[in-house]
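Data first, discussion second: the structure below is written as structure tokens.
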Amino acid sequence: MTIQTTLTEAVQKAVAHLYSAEVTDKMIQLQQTKREFEGHLTLVVFPFTRMSHKKPEDTAQEIGEYMLANTSEVAAFNVIKGFLNITISSTAWMQLLLEVNSDEHYGYVPVTDASPLAMIEYSSPNTNKPLHLGHVRNNLLGSSLARVMEACGNKVVKTNIVNDRGIHICKSMLAWKKYGQGETPESSGKKGDHLVGDYYVSFDKHYKAELKDLMDNQQMTQEEAEQASTLMQEARQMLRLWEQGDPEVRALWKQMNEWVYAGFDETYRQMGVSFDKIYYESDTYLEGKEKVMEGLEKGLFFRKEDQSVWADLSGDGLDQKLLLRGDGTSVYMTQDIGTAKMRFADYPIDKMIYVVGNEQNYHFQVLSILLDKLGFKWGKDLVHFSYGMVELPEGKMKSREGTVVDADDLMADIIQTAKETSTEMGKLDECTPEEADEISRIVGMGALKYFILKVDARKNMTFNPKESIDFNGNTGPFIQYTYARIQSVLRKAAQAGIEMTDTLVLDTPLNLKEEELIQSIAKFAQVIQEAGADYNPSGIANYIYDLVKEYNQFYHDYSILREENEQIKKMRLMLSTNVGKIVKLGMALLGIEVPDRM
RNA sequence: GGUCUGGUAGCUCAGCUGGAUAGAGCAACGCCCUUCUAAGGCGUCGGUCAAGCGUUCGAAUCGCUUCCAGAUCACCA
0 MTIQTTLTEA VQKAVAHLYS AEVTDKMIQL QQTKREFEGH LTLVVFPFTR
50 MSHKKPEDTA QEIGEYMLAN TSEVAAFNVI KGFLNITISS TAWMQLLLEV
100 NSDEHYGYVP VTDASPLAMI EYSSPNTNKP LHLGHVRNNL LGSSLARVME
150 ACGNKVVKTN IVNDRGIHIC KSMLAWKKYG QGETPESSGK KGDHLVGDYY
200 VSFDKHYKAE LKDLMDNQQM TQEEAEQAST LMQEARQMLR LWEQGDPEVR
250 ALWKQMNEWV YAGFDETYRQ MGVSFDKIYY ESDTYLEGKE KVMEGLEKGL
300 FFRKEDQSVW ADLSGDGLDQ KLLLRGDGTS VYMTQDIGTA KMRFADYPID
350 KMIYVVGNEQ NYHFQVLSIL LDKLGFKWGK DLVHFSYGMV ELPEGKMKSR
400 EGTVVDADDL MADIIQTAKE TSTEMGKLDE CTPEEADEIS RIVGMGALKY
450 FILKVDARKN MTFNPKESID FNGNTGPFIQ YTYARIQSVL RKAAQAGIEM
500 TDTLVLDTPL NLKEEELIQS IAKFAQVIQE AGADYNPSGI ANYIYDLVKE
550 YNQFYHDYSI LREENEQIKK MRLMLSTNVG KIVKLGMALL GIEVPDRM
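Reading the first sequence from the start, the letters are residues 0 to 597 in numbering that gives the first Met the number 0.
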């Protein structure tokens with residue numbers, strides 16, 4: 000039972016007793032008291048003036064007096080206008096600290112067999128290009144959300160849908176076949192996904208050259224040239240062969256995809272993300288066709304003259320939507336329906352969450368309606384966790400202009416920068432080279448992840464690869480640094496032979512900063528729930544920063560190990576231990592590691 | 001044009017189930033390392049919360065209108 004809920008009930012009792020009126024939880028606004036006033040929690044009494052028929056000040060005074068007399072946690076109160084500032088007793092705070100201290104996973108809701116199952120899809124790469132900055136935001140948000148949902152008491156299945164088929168894949172394959180001379184990741188030393196990506200670019204280059212040639216020398220228009228292009232025709236032919244299951248094409252496809260997956264695995268590992276179940280579009284698109292045909296038979300969809308299949312969503316205020324082309328091939332939507340079908344068969348899904356950029360808001364609106372029509376129980380309230388674009392200072396990333404920030408390069412750069420900075424500050428002087436590398440990795444990745452996750456997911460964000468990553472202020476390293484310092488204090492306490500205890504009785508009251516710190520620590524449970532309800536991890540990031548900043552001020556103002564009163568010293572060590580614990584738990588929800596020293 | 005997002009300090013962002021004088025960091029300028037890690041702490045400077053109207057005891061927060069920016073409305077994924 001938190002202090003918040005204790006007080007909420009106390010207020011309800013007070014109002015019932017004083018004014019014989021029922022009050023709902025919603026009407027009770029208990030907020031943290033502003034710094035400039037005395038007290039911990041403030042009750043806004045304006046809503047109760049209607050029941051008391053008295054001035055706000057008098058109402059507050061009466062409620063305050065009643066609570067002081069009847070609630071042991073309330074130590075004092077004062078009234079300013081319509082605000083009742085309540086001071087919680089020192090012993091109540093101490094009790095709360097002990098409670099937090101005794102719970103290794105404070106704030107996490109345990110997952111049981113009866114917990115609902117949430118499936119979270121994220122990443123969703125194409126196999127013809129390496130991952131870039133946009134994918135980084137997607138992966139970090141997705142894996143963080145998965146951890147948050149789990150902490151909120153859901154069974155979680157992390158899933159990935161790989162787009163491994165289509166004309167774009169054939170382009171890479173064709174280019175490799177024509178110009179590759181048997182190049183492999185081993186022979187070139189390139190990462191598999193980069194190697195394949197290079198051939199995708201190579202196709203585009205040759206294709207452009209062919210178009211230019213046709214237009215210049217054959218007097219063709221752009222459109223005619225695109226039709227006449229032998230390269231494009233060959234790519235289309237390759238796609239047809241692929242669909243027919245041609246052994247040679249399939250073998251090449253398999254080979255190149257394996258290279259790509261090996262490359263992706265490395266990127267995922269460095270990013271610290273993983274999946275429980277991976278789906279491939281090459282498996283799901285046929286299922287989608289089947290499901291659509293099923294819907295057609297049931298009369299949910301209709302066929303046009305050219306044999307294409309459509310859904311009429313005008314009843315839902317939307318347009319008609321294509322589900323199968325005239326030649327029977329599938330479109331994006333068909334594949335998503337097929338993927339949903341397979342997932343539904345594999346897991347008892349209660350909630351499906353798609354982590355996909357906001358440019359696809361319309362797509363998911365449609366998908367939700369279609370899945371609902373097709374009888375998926377979670378279709379109607381599927382969650383599209385829609386996040387904003389990552390923009391560069393020059394504007395959007397454009398592959399054609401070469402302004403795409405590659406995920407692997409980005410991570411390597413930031414880790415290198417962390418290493419240089421740490422070395423300059425002499426932080427790595429006493430480390431072995433292996434330790435130095437490990438700390439640099441943790442700090443660099445921490446900076447990157449925190450920078451991206453602290454921003455509200457819905458919003459577009461600006462990312463300056465050169466300047467944005469800072470190690471001071473509201474950053475990952477600042478939080479990691481504070482954590483490392485806490486661990487240092489705890490090590491020194493252990494060396495000094497100070498025993499940690501589970502119980503502690505103080506003969507002197509806590510000071511205000513200590514009480515506020517306990518209050519901030521305890522807020523963690525609420526923050527997790529809010530992040531889960533909003534499907535947005537940014538609140539956790541900002542909370543941890545506030546907590547750490549508050550602890551730093553405390554750390555600066557009060558000595559811990561130098562404190563002479565043994566009981567107070569132990570209490571402060573317990574306080575520090577728990578700040579460290581919350582920071583570690585919170586950062587874990589963001590997928591950020593914290594080092595014991597740095 | 002329709003629909004959906006967003007607009008808060010020079011910059012990057014918090015705050016949004018309505019509550020007290022709108023907060024951080026960066027940048028700029030001062031101060032603090034003989035004291036538990038200075039990736040730190042303290043201070044100064046910086047705001048018409050895009051604009052207007054409305055709802056009410058009270059609006060950055062809710063509603064309407066306007067302006068600006070982005071996304072989307074494909075037989076692309």
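Where is the CB? At the ideal position from N, CA and C, for every residue including glycine. These numbers were taken from a predicted model, which means no experiment stands behind them.
For W309, the enclosing beta strand (DSSP E) covers residues V308 to D311. By the criterion of at least three beta-carbon pairs nearer than 8 angstroms, the region 186 to 199 is not in contact with the region 149 to 156.
With 16 or more other Cβ atoms from the protein chains shown falling within 10 Å of its own Cβ, K453 counts as buried. As for any alpha helix (DSSP H) of minimum length 4 sitting wholly inside the region 508 to 552, the runs are 511 to 521 and 523 to 533, ordered along the chain. In this model, R136 and I451 are separated by some 7 angstroms (Cα to Cα). Distance from N535 to A456 at the Cβ level is roughly 5 angstroms; contact confirmed, criterion being Cβ atoms closer than 8 angstroms.
Judged by DSSP secondary structure, M66 falls outside any beta strand (DSSP E) and instead within the alpha helix (DSSP H) spanning P55 to N69. A straight line joining the alpha-carbon of G141 with that of M351 spans about 12 angstroms. Taking 7 angstroms as the cut-off, the beta carbon of T48 is found closer than this to the beta carbon of T58. Taking 8 angstroms as the upper bound for CB-CB distance, E209 and L230 are in contact here, some 6 angstroms apart.
Per DSSP, K189 is not a residue of any beta strand (DSSP E), being assigned neither H nor E. Three or more beta-carbon pairs separated by less than 8 angstroms are not found between the region 230 to 240 and the region 374 to 382, which leaves the two stretches without contact. Straight-line spacing of the CA atoms in H205 and A435 works out to 45 angstroms. Looking at the DSSP output, L391 bridges to G394.
S89 carries a helical assignment under DSSP once its states are collapsed to helix, strand and coil.
Of the residues assessed, M332 falls on the buried side of the cut-off, its CB having 16 or more other CB atoms within 10 angstroms.
Around the beta carbon of S421, a 10 Å sphere encloses 16 or more other beta carbons of the protein chains shown; the residue is thus reported as buried.
By the 16-neighbour rule on beta-carbons within 10 angstroms, E21 is exposed. The region 305 to 359 is shown to contain whole alpha helix (DSSP H) runs of 4 or more residues at 331 to 345, in chain order. Each residue's CA atom was taken as its position, placing D326 and M219 some 28 angstroms apart. A75 is bridged by DSSP to T86. F301 and L321 have their alpha carbons spaced roughly 10 angstroms apart. Distances from the alpha-carbon of Q243 to those of L509, S281, Q60 and V365 put S281 closest. Going by DSSP, H167 is part of the alpha helix (DSSP H) stretching over I166 to Y178. Bridge pairing for V22: absent [DSSP]. G394 has its alpha-carbon roughly 39 angstroms from the corresponding atom of V578. Here Y199 is not near K177, since their CB atoms are 7 angstroms or more apart. From the listed residues Q217, H167, M214 and K207, the smallest Cα separation to W252 is found for H167. I277 and D408 have their C-alpha atoms roughly 25 angstroms apart.
Between A492 and L560, the beta carbon gap of about 6 angstroms places them in contact (Cβ cut-off 8 angstroms).
Y65 and K580 have their alpha carbons spaced roughly 37 angstroms apart. Secondary structure of I277 (DSSP, three-state): strand. Selection A91, E149 and S88 evaluated against V110 yields E149 as nearest (Cα-Cα). For the options Q552, P129 and E304, the alpha carbon positioned closest to that of Y260 is the one of P129.
Taking a contact as a CB-CB distance under 8 angstroms, the pair L588 and S143 counts as one, their CB atoms being some 6 angstroms apart. The beta carbon of N125 is closer than 6 angstroms to those of N162 in its chain, skipping five residues each way along the sequence.
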